[in-house]
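Student:
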Amino acid sequence: MKNILIADDRPEIRTLVRITLSSDGYQVTECQSAPEAVALARQTPLSCIIMDIDMPGEYDGLTAIQKLHADPATADIPVIMLTGSKKLQDKSLQAGAVAYLTKPFSPIDLLKNIQQAAQRS
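If you're matching positions, the sequence shown starts at 18 in my numbering and goes up one per residue.
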């Protein structure tokens, strides 16, 4: 079973993503900050990370992608940005995100992007 990490400070978004992914056979781990996401990625084998940009904590989702890509242990984990901002797509993709979805999002689009990310890794 593929394990996906959802990093978002809003519990309702984490729940929606978890329900969407669980119904498609994915195991979902959740956290609510970028530093937590980086720590979990170093401890847990992950197939993909779905991350918000704007979260509380010492750094945001963009910085988390940079930290993940700088660490050989986590560099190959694909990251999909799922955020409310329509303005940071270019920065996210330059930082290393494999996809950029805005909220509200289509569960079908999310699943498609996860499947495409899995094929790249």
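Cβ coordinates follow ideal geometry from the N, Cα and C atoms, glycine included.
Which ranges would you report for the alpha helix (DSSP H) in the region 40-98 if only whole runs of at least 4 residues count?
Tutor: Correct list: 51-60, 78-87.
Student: Report the CB separation of V142 from L79 in whole angstroms; it is logged as a contact under 8 Å.
Tutor: Here the chain has residues from 18 to 138 only, and residue 142 is not among them.
Student: From the DSSP secondary-structure annotation, give me the bridge partner or partners of A24.
Tutor: Answer is C48, M68, bridged to A24.
Student: Alpha carbon to alpha carbon, how far is L105 from G42?
Tutor: Cα-Cα distance, rounded: 30 Å.
Student: Helix or strand or just coil, what does DSSP make of A114?
Tutor: A114 falls in the coil class under three-state DSSP.
Student: When you compare only the Cα positions, how much space is there between Q60 and P121?
Tutor: The alpha-carbon atoms of Q60 and P121 are separated by roughly 30 Å.
Student: Please list, in chain order, all residues of the same chain as Y76 whose beta carbon is under 7 Å from its beta carbon, the five residues on each side excluded.
Tutor: Excluding residues within five positions, the ones whose Cβ falls inside 7 Å are A51, P52.
Student: Spatial neighbours of R35 within its chain, please: CB distance less than 8 Å, with the 5 preceding and 5 following residues excluded, ordered by chain position.
Tutor: Answer for R35: I23, V45, E47, listed in chain order.
Student: Using a Cβ-Cβ cutoff of less than 8 Å, which residues in the same chain neighbour S39 once the five nearest sequence positions on both sides are dropped?
Tutor: Within the same chain, S39 has close Cβ partners V45.
Student: Would you mind working out which of T32, K19, R27, S64 sits nearest V115, comparing C-alpha positions?
Tutor: Checking every option, the nearest Cα to that of V115 belongs to S64.
Student: Sorted by chain position, which residues of the same chain lie with C-beta nearer than 6 Å to M72's C-beta, five sequence neighbours on each side aside?
Tutor: Once the five neighbours on either side are set aside, the close Cβ partners of M72 are D26, S50, A51.
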